[in-house]
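The structure under discussion appears below in the form of structure tokens.
Protein chains in written order, with my numbering: chain U, 18 to 439; chain X, 129 to 407.
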């Protein structure tokens with residue numbers, strides 16, 4: 018075991034990962050600019066037939082929704098894909114981010130009791146409520162979600178896999194329930210206006226250059242292109258943070274925990290701290306998704322925050338490729354589009370073609386479940402898997418049929434005494 | 129090493145009155161044990177003697193019961209979490225290799241530097257200059273360690289793709305990345321052929337001399353144990369039954385008895401399979 022080091026030149030560090038880090042912002046920007054130019058400047062001037070087709074099959078509002086899903090899914094990817102902690106209650110952070118926005122950017126002000134404005138953009142007649150600037154709202158939502166990530170994580174992260182998943186499931190139910198019942202009847206004071214929800218949420222302020230003049234104005238509720246710019250920036254930010262963290266000290270610790278918790282702790286990785294960090298960072302991304310959601314809807318209602326959201330997010334991560342941001346992004350965009358636009362449109366086409374009257378969107382979980390089963394049977398690693406995962410899954414499959422030849426060889430070579438090689 | 133200066137004159141590792149009780153079973157009973165600074169000592173004993181359990185107390189996986197104490201370089205580490213003990217300078221390898229299989233060899237080693245690195249979330253995200261320097265140094269140190277154990281050319285291979293022997297080396301490199309005072313090797317020659325085992329003896333000496341650590345071995349291959357160890361402690365059924373140099377232990381009647389009269393005979397004592405829980 019000790020031969021003096023032979024003068025073999027150390028191989029160069031593989032550069033693939035680093036290069037994509039340089040390239041992707043360019044591709045992402047190009048894609049975003051294309052969308053903005055197309056929907057903002059070209060689409061209105063197309064012939065009505067084509068315009069109608071695009072608005073039916075790929076409306077910009079649904080692209081925005083898909084980006085909201087993507088932000089949250091990317092956050093969940095940090096928890097599930099990077100650190101390997103199964104979280105079935107991720108919807109809680111989405112709701113928290115959304116309600117933080119509603120509290121800080123509307124006339125609500127906890128029943129009109131609070132009233133102040135920090136660089137906010139209140140409605141014309143607004144005299145009550147908290148109106149913070151959007152930037153501050155993002156910071157606040159990130160802070161609230163990180164805090165709750167730690168609060169939820171601290172007692173639960175000591176649990177292993179299945180138990181952790183169940184407890185997160187519990188939190189994912191509790192927090193939306195609080196929002197759903199958060200009025201005088203439920204809580205004793207008006208926290209969330211219960212099922213009536215909070216709204217309208219202030220419009221975004223934006224700066225526009227109009228023939229050389231700098232114009233400060235409000236974003237129209239229907240200005241989806243304006244929101245698209247913001248949402249794609251946020252998505253890019255989350256991707257950037259995910260990629261950077263992955264390559265650093267914390268990302269290595271997360272991977273190590275995912276691989277072998279006990280060995281990681283024996284190598285000096287503080288399990289609780291690393292897991293809490295994953296939770297907090299993931300929660301922040303979920304919260305940002307929540308803020309975006311609130312901005313998109315212009316109103317916060319408790320109804321959308323169901324268990325199904327957590328499951329859908331998880332499916333986006335798993336189908337797309339756990340641990341790989343590009344896979345997760347693809348999975349989120351695809352599934353979101355399919356749910357909101359693809360399935361109803363396919364259904365309509367089907368119905369009008371065959372004269373039937375099938376309600377396709379009601380089958381979405383059936384189709385979803387079927388796709389998940391097929392994926393798990395034939396492509397467990399997801400659409401765009403992380404290179405590491407692809408490695409192990411494919412060799413595993415080969416091993417089923419051909420007996421793991423390479424490993425066997427090594428064992429023969431090195432083993433004289435039997436029994437110890439496991 | 130520089131981060132964990134050993135108090136002068138203190139043994140690298142001292143365990144006093146360590147007991148472990150599983151239900152009603154006393155797995156380890158009041159075992160005391162010392163690893164002098166920069167020494168190579170071995171812990172041997174028949175299957176089920178409590179060696180790995182004892183190891184697990186030292187590394188903090190099991191609590192020491194009945195007032196047992198563990199001190200690392202003069203500092204009491206009893207009851208600390210495993211990662212804390214590890215970062216204070218007690219590194220280990222595992223009986224059945226536990227590498228991070230889907231990480232490269234270099235990444236495996238860098239994981240173990242976690243406690244010596246400082247980069248936080250913010251520094252990592254903005255890739256601050258201090259963080260980049262730290263990463264570069266970690267990278268260089270990882271390559272240095274991989275070269276030291278002889279697998280520098282496989283630095284970017286996934287751990288699972290390394291050969292069995294290389295995986296064992298990688299485990300040692302990873303443990304050394306903690307800059308430990310004491311290196312615990314749990315059956316490091318398991319699965320090696322006699323030639324490799326012989327080379328391993330030199331390797332352990334080289335680790336001790338060049339990395340300035342004390343080495344504590346659990347080992348079944350008596351030829352290795354007798355050649356490499358400066359002191360040997362023998363456990364049987366959770367009790368310490370003998371301690372001393374190789375010759376002293378070899379001739380100790382209680383040891384001979386524990387090993388069914390074949391203390392120095394390789395054939396009867398090298399085969400070990402799936403003993404002791406927890407590893």
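Note that the Cβ used here is the ideal one computed from N, Cα and C, for glycine as well.
Inset, instruction - Could you give the DSSP three-state label for residue 70 (chain X): helix, strand or coil? - result: Absent from the structure is residue 70 (chain X), since the part of chain X shown begins at 129 and ends at 407.
Legend entry - Within-7 Å CB hit, residue 261 (chain U) to chain X: Within the first chain, residue 261 (chain U) is the residue found at index 244, counting from 1. With 7 Å as the cut-off, residue 261 (chain U) counts as an interface residue toward chain X.
Inset, instruction - Report back the beta-carbon spacing between residue 217 (chain X) and residue 307 (chain X) to the nearest angstrom; my notes put them in contact at under 8 Å. - result: Residue numbering aside, residue 217 (chain X) sits at position 89 when the second chain is read from its first letter. Residue numbering aside, residue 307 (chain X) sits at position 179 when the second chain is read from its first letter. The distance from the Cβ of residue 217 (chain X) to that of residue 307 (chain X) is about 7 Å, consistent with a contact at the 8 Å cut-off.
Legend entry - Proximal residues to residue 165 (chain X) (C-beta, below 7 Å), its chain only, five neighbours per side dropped: Position 37 of the second chain holds residue 165 (chain X). Taking C-beta separations shorter than 7 Å and ignoring five residues to either side along the sequence, the partners of residue 165 (chain X) in its chain run 134, 139, 140 and 342, following chain order.
Legend entry - Any non-hydrogen atom of the ligand PLP within 6 Å of residue 248 (chain U) CB: Questions concerning the ligand PLP fall outside what the structure shown contains, since it holds no ligand whatsoever.
Legend entry - Residue burial classification, residue 246 (chain X) (beta-carbon count within 10 angstroms, cutoff 16): Within the second chain, residue 246 (chain X) is the residue found at index 118, counting from 1. Exposed is the call here.
Legend entry - Cβ of residue 334 (chain U) within 7 Å of any chain A Cβ: This model lacks chain A altogether, as its protein chains are U and X.
Inset, instruction - Would you be able to state if there are at least three C-beta pairs under 8 Å between the segment 359-373 of chain U and the segment 298-313 of chain U? - result: The segment 298-313 of chain U is not in contact with the segment 359-373 of chain U.
Legend entry - Pairwise C-alpha distance: residue 244 (chain X) and residue 130 (chain X): Locating residue 130 (chain X) in the second chain gives position 2, counting from the first residue. Locating residue 244 (chain X) in the second chain gives position 116, counting from the first residue. With a pLDDT of 44 at residue 130 (chain X), under the threshold of 50, the predicted position of this residue should be treated as unreliable, and no value is reported.
Inset, instruction - May I ask you to report which of helix, strand or coil DSSP gives residue 264 (chain U)? - result: If you number the first chain from 1, residue 264 (chain U) lands on position 247. Helix.
Inset, instruction - Please decide whether residue 261 (chain X) counts as near chain U, where near means a Cβ-Cβ distance under 7 Å. - result: What you label residue 261 (chain X) is simply residue 133 of the second chain in a count that begins at 1. Residue 261 (chain X) does not count as touching chain U.
Legend entry - Which residues DSSP lists as bridging residue 284 (chain U), in chain order: For this step, residue 284 (chain U) is matched to residue 267 along the first chain. Partner(s): none; residue 284 (chain U) has no beta bridge.
Legend entry - Residues from the segment 222-243 of chain X in contact with chain U, defined by Cβ distance under 9 Å: Flagged, chain order: 222, 223, 224, 225, 226, 227, 228, 229, 230, 231, 232, 234, 235, 236, 238, 239, 240, 241, 242 and 243.
Inset, instruction - Taking residue 181 (chain X) as part of the beta strand (DSSP E), name the residues at either end of that continuous run. - result: Translated into positions along the second chain, residue 181 (chain X) becomes position 53. That residue, residue 181 (chain X), is in no beta strand (DSSP E); its alpha helix (DSSP H) goes 179-186.
Inset, instruction - State yes or no: is the beta carbon of residue 143 (chain X) nearer than 7 Å to at least one beta carbon in chain U? - result: Mapped onto the second chain, residue 143 (chain X) falls at position 15. So, not an interface residue.
Legend entry - chain X within 7 Å of residue 390 (chain U), Cβ atoms only: Looking up residue 390 (chain U) in the first chain gives position 373. Judged by the 7 Å Cβ criterion, residue 390 (chain U) is not in contact with chain X.
Legend entry - Three-state secondary structure (DSSP) of residue 212 (chain X): In the second chain, residue 212 (chain X) corresponds to position 84, counting from 1. Residue state, collapsed to three classes: helix.
Inset, instruction - State yes or no: is the beta carbon of residue 14 (chain U) nearer than 7 Å to at least one beta carbon in chain X? - result: The first residue shown for chain U is 18 and the last is 439, placing residue 14 (chain U) beyond what the model contains.
Legend entry - Backbone CA spacing between residue 440 (chain U) and residue 236 (chain X) [nearest angstrom]: Any answer about residue 440 (chain U) is impossible in this case: the structure gives chain U only from 18 up to 439.
Legend entry - Residue from U:88, U:73, U:67 and U:45 with nearest C-alpha to residue 308 (chain U): Taking the first chain and counting its residues from 1, one reaches residue 308 (chain U) at position 291. Nearest option by C-alpha distance: U:88.
Legend entry - Runs of alpha helix (DSSP H) wholly within the segment 285-370 of chain X (minimum 4 residues, chain order): Counting whole runs of 4 or more residues, the segment 285-370 of chain X contains the alpha helix (DSSP H) stretches 292-304, 322-339 and 350-356.
Legend entry - Reduced DSSP secondary structure (H/G/I, E/B, other) of residue 241 (chain X): As a first step, residue 241 (chain X) must be located in the second chain, where it is residue number 113. Here residue 241 (chain X) sits in coil by DSSP.
Legend entry - Closer than 7 Å to chain U by CB, residue 381 (chain X): Translated into the one-based positions of the second chain, residue 381 (chain X) becomes position 253. The beta carbon of residue 381 (chain X) does not come within 7 Å of any beta carbon belonging to chain U, so the residue lies off that interface.
Legend entry - Cα-Cα separation, residue 356 (chain X) to residue 254 (chain X): By 1-based counting over the second chain, the position of residue 356 (chain X) is 228. By 1-based counting over the second chain, the position of residue 254 (chain X) is 126. Per the coordinates, the alpha-carbon of residue 356 (chain X) lies some 48 Å from the alpha-carbon of residue 254 (chain X).
Inset, instruction - Could you name the residues of the same chain whose beta carbon sits closer than 6 Å to that of residue 171 (chain X), not counting the 5 residues immediately before and after it, in chain order? - result: Taking the first residue of the second chain as position 1, residue 171 (chain X) is located at position 43. Non-local beta-carbon contacts of residue 171 (chain X) in its own chain, meaning distances under 6 Å to residues more than five positions away in sequence, involve 179, 346 and 361 in chain order.
Inset, instruction - Sort U:212, U:186, U:214 and U:243 by Cα distance to residue 220 (chain U) and report the nearest one. - result: Taking the first residue of the first chain as 1, we reach residue 220 (chain U) at position 203. When U:212, U:186, U:214 and U:243 are compared, the shortest CA-CA separation from residue 220 (chain U) is found for U:243.
Inset, instruction - List the residues of chain U that residue 264 (chain X) touches, going by C-beta distances under 9 Å, in chain order. - result: The residue you call residue 264 (chain X) lines up with position 136 of the second chain. Near residue 264 (chain X) there are no residues of chain U at all, since even the closest Cβ is about 11 Å away, more than 9 Å.
Inset, instruction - Kindly indicate if chain X contains any beta-carbon less than 7 Å away from that of residue 427 (chain U). - result: Counting from one through the first chain, the residue named residue 427 (chain U) turns up at place 410. Confidence in residue 427 (chain U) is poor, its pLDDT being 37 and thus under 50, which makes the residue's placement unreliable; the coordinate value appears in the next sentence. For residue 427 (chain U), the closest Cβ of chain X is nearer than 7 Å.
Legend entry - Rounded straight-line distance, which links the Cα of residue 328 (chain U) to that of residue 304 (chain X): Stepping through the second chain from its first residue, residue 304 (chain X) is reached at position 176. Stepping through the first chain from its first residue, residue 328 (chain U) is reached at position 311. Each residue's alpha carbon lies about 42 Å from the other.
Legend entry - Proximal residues of chain U, C-beta to C-beta of residue 313 (chain X) below 9 Å: By 1-based counting over the second chain, the position of residue 313 (chain X) is 185. Under the 9 Å cutoff, chain U gives no residues; its nearest Cβ is about 11 Å from residue 313 (chain X).
Inset, instruction - Using a Cβ-Cβ cut-off of less than 7 Å, list which residues of the segment 245-271 of chain U approach chain X; keep chain order. - result: Of all residues in the segment 245-271 of chain U, 258, 261, 262, 265, 266, 267, 269 and 270 have a Cβ within less than 7 Å of some Cβ in chain X.
Legend entry - Element boundaries [beta strand (DSSP E), containing residue 255 (chain X)]: Residue mapping note: residue 255 (chain X) aligns to position 127 of the second chain, counting from 1. In the DSSP annotation of this structure, residue 255 (chain X) is not part of any beta strand (DSSP E), being labelled neither H nor E.
Inset, instruction - Have a look at residue 300 (chain X) and residue 310 (chain X) and give me their C-alpha separation to the nearest angstrom. - result: Sequence index remark: in the second chain, residue 300 (chain X) carries index 172 (1-based). Sequence index remark: in the second chain, residue 310 (chain X) carries index 182 (1-based). So the two alpha carbons sit approximately 12 Å from each other.
Legend entry - CB contact flag (residue 353 (chain U), residue 86 (chain U), <7 Å): The residue given as residue 353 (chain U) occupies position 336 in the first chain. The residue given as residue 86 (chain U) occupies position 69 in the first chain. Closer than 7 Å, so yes.
Legend entry - Three CB pairs or more closer than 8 Å across the segment 68-82 of chain U and the segment 347-366 of chain U: With the rule of 3 Cβ pairs closer than 8 Å, the segment 68-82 of chain U counts as touching the segment 347-366 of chain U.
Legend entry - Identity of the residue in U:269, U:293 and U:250 nearest residue 43 (chain U) by Cα: Numbered from its first residue, the first chain carries residue 43 (chain U) at position 26. Closest option to residue 43 (chain U), Cα to Cα, is U:250.
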